Amino acid sequence: MQNAPTPKRPGREGRPTYRLWMTGSLAVIMAAFAPQRGWRDDEVSTERVLKHSRYGVVETAQRIEEAARRQGLTVLARMGGDRPMIVLASSQGGTPVMMDSDGAHLAVPMSVHLREAEDGGADVAIAAVMPITDPRELPAIVAAEIEALPVLVERALS
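So the sequence shown is numbered by our numbering: it starts at 119 and just counts up by one.
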């Protein structure tokens, strides 16, 4: 007897969500970042929202982390270097991780990527807002935190 296939649920950019789960596992988060280390200009498209910060990379990261903490979020992971990344955890614990197909790269919608800008400031890329059409996919508070991430970053940079 074969198991029935898992129904696909709507996910980001109209693509069906193949898998979606909450985790606090650093190993999963690090795996999600592996293909994203080479952030190129042509990759900043519909998958990301780009903001510019007048502050340097280090101060921008600190401001985003502080704004996240004020909203009740925690910093699950931070990777340094010339293109730092921050993974935020929901106020409910854990961070959402998703795949839109079998074998796809992991997506972490509560992640923030930074790089130095030519003017000495920093460019900030965040995952595009992930529409949650089935309330059973994520707790409502977690979905709201994902949707509010661009506003949180905007406040941190002002």
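Ideal placement from N, C-alpha and C gives every residue a C-beta, glycine not left out.
Here the structure is a predicted model, which means the values were calculated and not measured.
| task | Spatial neighbours of Lys-169 within its chain, please: CB distance less than 7 Å, with the 5 preceding and 5 following residues excluded, ordered by chain position. | result | Val-242, Val-271, Glu-272 and Leu-275
| task | State the beta-bridge partners of Ile-204 as determined by DSSP. | result | Arg-196 and Val-230
| query | Rounded to a whole number of angstroms, what is the C-alpha to C-alpha distance between Glu-265 and Pro-227? | reply | 9 Å
| message | Taking its Cβ as the centre, do 16 or more other Cβ atoms sit within 10 Å of Ala-261, making it buried, or is it exposed? | response | buried
| task | Check whether the Cβ atoms of Glu-234 and Ala-240 lie closer than 8 Å to each other. | result | yes
| field | Cβ distance (whole Å) where Met-203 is taken to contact Ser-229 below 8 Å | value | 6 Å
| message | Between Leu-191 and Ala-207, how many whole angstroms is the CB-CB distance? I'm expecting something under 8 Å. | response | 6 Å
| request: Just the C-alpha distance for Leu-267 and Ala-245, rounded to the nearest angstrom, thanks. | output: 9 Å
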